[in-house]
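Peer 1: Below you will find the structure I want to go over with you.
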Amino acid sequence: MSLLLNLVSLPMLFIATLAKEELITAQATALELALADVIYKPIAEESESYSGDEVENCELIIEGIAGM
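Remember, our numbering sits 1249 above the position in the sequence shown when you count from 1.
Structure representation (structure tokens):
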């Protein structure tokens, strides 16, 4: 019975670990976006490369975050 329980619980533990990692990744992404809006966006707006294209601006902000 114990072996059967282990065989069932190991995949569940693996799934729970993946879910936790996804949550941590999502939280980190939310933090990066918040930092981008508050800190990096004003800096990017002052640069000559900032434009009206929101997607392009997000890419510039993300590149700035990666460079830090």
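No residue lacks a Cβ here, since even glycine has one placed at the ideal position from N, Cα and C.
Alpha carbon to alpha carbon, how far is threonine 1266 from isoleucine 1288? Give it in angstroms, no decimals.
Peer 2: Looking at the two C-alpha atoms, the distance is approximately 32 Å.
Peer 1: Give the straight-line distance between the Cα atoms of lysine 1290 and cysteine 1307, rounded to the nearest whole angstrom.
Peer 2: For lysine 1290 and cysteine 1307, the distance between alpha carbons rounds to 9 Å.
Peer 1: On the three-state DSSP scale, how would you describe aspartate 1286?
Peer 2: Aspartate 1286: helix per DSSP, three-state reduction.
Peer 1: Can you grab the Cα-Cα spacing for the pair threonine 1274 / glutamate 1281, in whole Å?
Peer 2: If I take the Cα positions, the gap works out to 10 Å.
Peer 1: Give the straight-line distance between the Cα atoms of glutamate 1271 and glutamate 1295, rounded to the nearest whole angstrom.
Peer 2: When rounded, the distance between both Cα atoms is 34 Å.
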